[in-house]
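Undergrad:
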Amino acid sequence: MVGDMCEGADVPGPTSGAHFSVSPITARCKDIWERGEHILVGVSTGNGYFNRVRLTRLLEWLQNHFSAVDVVYADMHIDTSLIALGCEESEARRRAKKRVSQVRRRVRQALSAVEDSPTEFRAHALSDFADSPVYKALGARVDRALAEEGGLSTACHDMVRSFLSGQPGGEGELTAEQIEAGLSYVRAEMPFLVDTPALLGVPSSVSCYHMEAQVWRALRRPGAGLRAAPGQAFAVVAPVDES
7 MVGDMCEGAD VPGPTSGAHF SVSPITARCK DIWERGEHIL VGVSTGNGYF
57 NRVRLTRLLE WLQNHFSAVD VVYADMHIDT SLIALGCEES EARRRAKKRV
107 SQVRRRVRQA LSAVEDSPTE FRAHALSDFA DSPVYKALGA RVDRALAEEG
157 GLSTACHDMV RSFLSGQPGG EGELTAEQIE AGLSYVRAEM PFLVDTPALL
207 GVPSSVSCYH MEAQVWRALR RPGAGLRAAP GQAFAVVAPV DES
């Protein structure tokens with residue numbers, strides 16, 4: 007799949023005061039981007055990348071190309087990861103609550119800047135989908151694949167190590183308990199990487215992030231038991247000039 011990488015692809019992109027580069031990871035992903043039907047912006051907590059200004063600029067930039075934009079922010083298993091990194095349970099819960107409150111506020115502030123846009127914007131907490139039959143079914147498929155597919159499991163473990171190693175308490179060799187706590191966080195997000203169109207009722211969708219997630223290519227690998235849905239795409243969308 008490496009040969010399909012559309013690095014710096016010349017895809018139709020929105021134009022505004024801020025500029026972003028777009029790199030769909032495959033030719034198929036590029037085609038879905040060009041449809042402009044829907045894009046998913048995932049926002050994690052404890053990550054300084056999505057500050058209010060950058061998130062606002064991204065949404066303003068995306069509105070000129072996509073008919074619909076959904077922002078989903080993480081609010082599940084944050085305390086579990088903090089506890090695994092050595093944080094006391096009560097302190098972990100306090101920090102998790104604070105992180106979720108902060109990211110929710112940033113998302114709301116960014117959405118207020120595009121409230122008059124013809125593009126449909128929506129925001130959700132990840133936990134909003136916990137009782138969804140579609141989310142549960144996709145989660146069960148993810149769990150089976152993690153148990154049976156070495157390639158997907160390796161990609162997810164690499165994501166966890168990359169994330170936890172950058173957190174306080176994550177220095178050095180990570181324990182099995184720490185890895186499992188991180189996997190809970192990753193598993194909660196995975197249904198949206200497998201089939202956002204089914205979860206949100208859209209024809210096709212691009213999942214974007216400012217860097218490539220290790221698991222994207224595992225979900226696009228020919229012959230894999232768990233593959234991204236036909237209408238599911240992935241693209242790196244990163245700021246070019248933030249002056």
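The numbering of the sequence shown is the numbering used here, which starts it at 7 and goes up by one. Note that CB positions come from ideal geometry on N, CA and C, so glycine has one too.
In this structure, what does DSSP give as the bridge partners for Tyr-79?
TA: Numbered from 1 along the sequence shown, position 73 holds the residue referred to as residue 79. Tyr-79 pairs with Val-49 and Ala-131.
Undergrad: Using the three-state DSSP reduction, which class does Phe-26 fall into: helix, strand or coil?
TA: Locating residue 26 in the sequence shown gives position 20, where the first residue counts as 1. Strand at Phe-26.
Undergrad: Could you tell me how far apart the beta carbons of Val-192 and Ala-234 are, in whole angstroms, since I believe they sit closer than 8 angstroms?
TA: Here residue 192 corresponds to residue number 186 of the sequence shown, with the count starting at 1. Here residue 234 corresponds to residue number 228 of the sequence shown, with the count starting at 1. Incorrect: roughly 15 angstroms between the Cβ atoms, too far for contact.
Undergrad: What residues are listed by DSSP as bridge partners for Ala-194?
TA: Counting from one through the sequence shown, the residue named residue 194 turns up at place 188. Ala-194 is not bridged to any residue.
Undergrad: Is the beta carbon of Ala-102 less than 8 angstroms from the beta carbon of Leu-88?
TA: The residue you call residue 102 lines up with position 96 of the sequence shown. The residue you call residue 88 lines up with position 82 of the sequence shown. Yes.
Undergrad: Is the region 133-150 close to the region 85-99, with three or more CB pairs under 8 angstroms?
TA: no
Undergrad: Which word fits Glu-186, buried or exposed, when buried means at least 16 other C-beta atoms lie within 10 angstroms of its C-beta?
TA: Along the sequence shown, one-based indexing puts residue 186 at 180. Flag for Glu-186 reads exposed.
Undergrad: Can you give, in chain order, each stretch of the beta strand (DSSP E) that sits fully within the region 59-110 and has at least 3 residues?
TA: 74-79
Undergrad: With distance defined between alpha-carbon atoms, name the residue in Val-166, His-25, Ala-241 and Leu-158 nearest to Ala-224.
TA: On the sequence shown, residue 224 is found 218 positions in, with the first residue counted as 1. The residue with the shortest Cα to Cα distance from Ala-224 is Leu-158.
Undergrad: Assign Asp-137 to buried or exposed, taking buried as 16 or more other Cβ atoms, counted over all protein chains shown, within 10 Å of its Cβ.
TA: Here residue 137 refers to the residue found at position 131 when the sequence shown is read from its first residue. Exposed: under 16 other Cβ atoms inside 10 Å.
Undergrad: Beta carbon of Leu-189, beta carbon of Phe-198: below 8 angstroms?
TA: Looking up residue 189 in the sequence shown gives position 183. Looking up residue 198 in the sequence shown gives position 192. Their beta carbons are not under 8 angstroms apart, which means Leu-189 does not touch Phe-198 by this criterion.
Undergrad: Express the C-alpha separation of Val-221 and Met-165 in angstroms, rounding to a whole number.
TA: In the sequence shown, counting from the first residue as 1, residue 165 sits at position 159. In the sequence shown, counting from the first residue as 1, residue 221 sits at position 215. Taking the straight line joining both Cα atoms gives about 7 angstroms.
Undergrad: Determine, using beta carbons only, whether Glu-195 and Leu-132 come nearer to each other than 8 angstroms.
TA: Along the sequence shown, read from residue 1 onward, the residue named residue 195 stands at position 189. Along the sequence shown, read from residue 1 onward, the residue named residue 132 stands at position 126. It is a contact, given that the beta carbons lie within the stated cut-off.
Undergrad: Count the other CB atoms, across all protein chains shown, that sit within 10 Å of the CB of Asp-81; report buried if there are 16 or more and exposed otherwise.
TA: On the sequence shown, residue 81 is found 75 positions in, with the first residue counted as 1. Buried.
Undergrad: Thinking just about the alpha-carbon of each residue, which of Ile-84, Val-77 and Ala-143 is nearest to the one in Arg-111?
TA: Residue mapping note: residue 111 aligns to position 105 of the sequence shown, counting from 1. The shortest Cα separation from Arg-111 among Ile-84, Val-77 and Ala-143 belongs to Val-77.
Undergrad: So what's Glu-154 in DSSP terms, helix, strand or just coil?
TA: Along the sequence shown, one-based indexing puts residue 154 at 148. Of the three classes helix, strand and coil, the one that applies to Glu-154 here is helix, per DSSP.
Undergrad: How about Glu-40 and Pro-209: do their beta carbons lie closer than 8 angstroms?
TA: Taking the sequence shown and counting its residues from 1, the one referred to as residue 40 is at position 34. Taking the sequence shown and counting its residues from 1, the one referred to as residue 209 is at position 203. It is not a contact, given that the beta carbons lie outside the stated cut-off.
Undergrad: Between the alpha carbons of Glu-217 and Ser-27, how many angstroms are there, rounded?
TA: Counted from its first residue, the sequence shown places residue 217 at position 211. Counted from its first residue, the sequence shown places residue 27 at position 21. The question names Glu, yet the displayed sequence has Met at residue 217. So the alpha carbons of these two residues sit roughly 11 angstroms apart.
Undergrad: Is it buried or exposed for Arg-128, if we count other Cβ within 10 angstroms and need 16 for buried?
TA: By 1-based counting over the sequence shown, the position of residue 128 is 122. That one is exposed.
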